[in-house]
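To start, the structure under review is shown below, and the notes come after it.
See below:
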């Protein structure tokens with residue numbers, strides 16, 4: 016009987032997490048805690064790529080075929096009332112075909128080890144996350160594909176300027192009657208280092224975490240105003256004043272969903288290696304020294320209609336030199352969900368990134384999907400991406416074509 020209850024609890028957990036557009040996790044109901052419970056889940060994804068690319072310079076020939084399947088393993092455990100641990104492992108990814116850990120962190124929606132009514136009242140509206148985790152900067156990362164977990168992304172590719180990294184961090188989130196506010200501190204890099212060596216200067220450098228901390232936060236309003244109408248508006252900020260390897264805009268170790276696009280011919284096997292050019296189709300500031308970023312997001316859903324918009328600006332200096340950068344990103348997507356359980360959807364997304372050097376990348380995606388169940392998704396898209404002002408590619412460059420993906424997440 017006890018095993019059956021655990022299984023039913025597990026299914027309820029899956030239904031809650033897989034239904035509807037998710038942002039921050041709902042608070043954990045610790046009142047029903049009756050001992051350690053471990054939940055095992057996984058994400059599997061496979062895609063068929065039918066893209067072609069072009070430029071004034073020579074690009075590799077690009078075939079049409081299935082790409083490397085990707086998979087995640089997710090372990091969560093309820094450790095105490097309102098206390099949960101989460102661990103995600105990439106079983107196979109484009110950038111790393113071997114198994115490795117994405118991150119693991121603790122969630123505190125209660126502090127049962129502190130016996131205080133005042134603390135209990137504070138935790139009624141508070142959530143604390145601590146560990147190595149996906150930083151909750153902006154809202155765009157909630158709609159991205161994460162290796163084998165593609166079920167939250169209605170399209171195939173993530174945003175062109177993909178603000179995503181895992182790093183050691185501590186977050187405090189306040190939520191009360193639709194108002195949310197979050198403040199956090201992070202080491203700001205997916206790769207913690209104690210020391211470094213420069214072959215160019217011949218010098219060694221010690222890296223101290225206290226001198227390289229990053230700070231980020233979010234304020235917003237998220238409310239289900241009626242059965243059919245939900246609105247969420249947030250403003251987020253991120254700042255690191257000094258870092259040897261800031262990874263906010265280069266922290267996805269899984270890789271882009273558009274394989275080998277825009278790879279130029281250099282006479283090397285690396286030209287066709289999916290792992291060495293794992294960020295193909297993206298354009299970001301890369302690893303940063305100093306960076307200041309803001310992101311504004313708007314999500315609106317009325318009945319079957321859904322809109323999600325993003326504005327982002329990032330400025331700072333590169334980690335590998337004094338070059339300054341200033342990037343701006345604009346994105347808007349509209350979806351229509353239909354069917355007796357809203358299991359079908361169709362929509363389009365426009366995404367554009369430009370910098371202060373008269374360079375830009377623009378993308379249009381039009382797609383549709385079918386949720387066979389809450390845990391099984393089949394989707395396809397037509398994508399057209401164009402590059403302007405890139406001397407490596409010439410005056411006319413881009414890629415376009417069809418992508419089909421299938422996913423199972425449980």
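Residue numbers (this note's numbering): 16 to 425.
Virtual Cβ for every residue (Gly too), placed ideally from N, Cα, C.
Please state if the CB of residue j and the CB of residue i are separated by a distance shorter than 8 angstroms.
i: residue 397; j: residue 412; result: no
i: residue 84; j: residue 60; result: yes
i: residue 285; j: residue 232; result: no
i: residue 302; j: residue 265; result: yes
i: residue 100; j: residue 119; result: yes
i: residue 360; j: residue 112; result: no
i: residue 295; j: residue 275; result: yes
i: residue 183; j: residue 171; result: no
i: residue 249; j: residue 188; result: no
i: residue 66; j: residue 414; result: yes
i: residue 48; j: residue 93; result: yes
i: residue 180; j: residue 150; result: yes
i: residue 64; j: residue 79; result: yes
i: residue 261; j: residue 334; result: yes
i: residue 272; j: residue 160; result: yes
i: residue 174; j: residue 344; result: yes
i: residue 157; j: residue 235; result: no
i: residue 114; j: residue 104; result: yes
Taking DSSP as the reference, what is the three-state secondary structure of residue i?
i: residue 408; result: coil
i: residue 161; result: strand
i: residue 135; result: helix
i: residue 286; result: helix
i: residue 424; result: strand
i: residue 418; result: strand
i: residue 413; result: strand
i: residue 356; result: coil
i: residue 299; result: coil
i: residue 224; result: helix
i: residue 171; result: coil
i: residue 280; result: coil
i: residue 347; result: strand
i: residue 29; result: Note that residue 29 has pLDDT 37, beneath the 50 cutoff, so the model's placement of it is unreliable and no number is given.
i: residue 332; result: strand
i: residue 82; result: coil
i: residue 262; result: coil
i: residue 34; result: A caution first: residue 34 carries a pLDDT of 41, below 50, which makes its placement in the model unreliable, though a value can still be read off. Three-state DSSP puts residue 34 in coil, outside helix and strand.
i: residue 47; result: helix
i: residue 293; result: coil
i: residue 155; result: helix
Quick one: give me the first and last residue of the beta strand (DSSP E) that residue i is part of.
i: residue 364; result: 359 to 370
i: residue 53; result: 52 to 69
i: residue 379; result: 375 to 388
i: residue 338; result: Note, residue 338: premise wrong, no beta strand (DSSP E); not H, not E.
i: residue 183; result: 181 to 191
i: residue 198; result: 194 to 201
i: residue 245; result: 244 to 255
i: residue 303; result: 303 to 317
i: residue 237; result: 229 to 239
i: residue 142; result: 141 to 149
Does any heavy atom of the ligand NAD sit closer than 7 angstroms to the C-beta of residue i?
i: residue 256; result: With respect to the ligand NAD, the structure shown offers nothing to examine, as it has no ligands at all.
Based on DSSP bridge pairs, tell me the residues matched to residue i.
i: residue 113; result: Residue 113 pairs with nothing; no bridge assigned.
i: residue 104; result: 88 and 116
i: residue 212; result: 219
i: residue 394; result: 384 and 420
i: residue 39; result: Its beta-bridge partners do not exist; DSSP assigns none.
i: residue 93; result: 52 and 99
i: residue 122; result: 99 and 144
i: residue 324; result: 313 and 347
i: residue 403; result: 375
i: residue 74; result: 279
On a CA-only basis, which of the options is nearest residue i? Give me that one, please.
i: residue 70; options: 416, 407 and 424; result: 407
i: residue 421; options: 51, 387 and 371; result: 387
i: residue 40; options: 392, 237, 409 and 368; result: 237
i: residue 330; options: 178, 228 and 78; result: 178
i: residue 145; options: 129, 324 and 124; result: 124
i: residue 417; options: 367, 217, 62 and 180; result: 62
i: residue 268; options: 42, 252 and 109; result: 109
i: residue 320; options: 289, 357, 336 and 298; result: 357
i: residue 243; options: 315, 76 and 347; result: 315
i: residue 309; options: 255, 270 and 281; result: 255
i: residue 89; options: 193, 400, 164 and 391; result: 164
i: residue 204; options: 293, 217, 147 and 176; result: 147
i: residue 230; options: 389, 185 and 240; result: 185
i: residue 259; options: 215, 157 and 210; result: 210
i: residue 222; options: 240, 131 and 257; result: 257
i: residue 363; options: 324, 372, 307 and 98; result: 324
Residue i CB to nearest chain C CB: under 8 angstroms?
i: residue 274; result: Among the chains in the structure shown there is no chain C, since it carries only a single protein chain.
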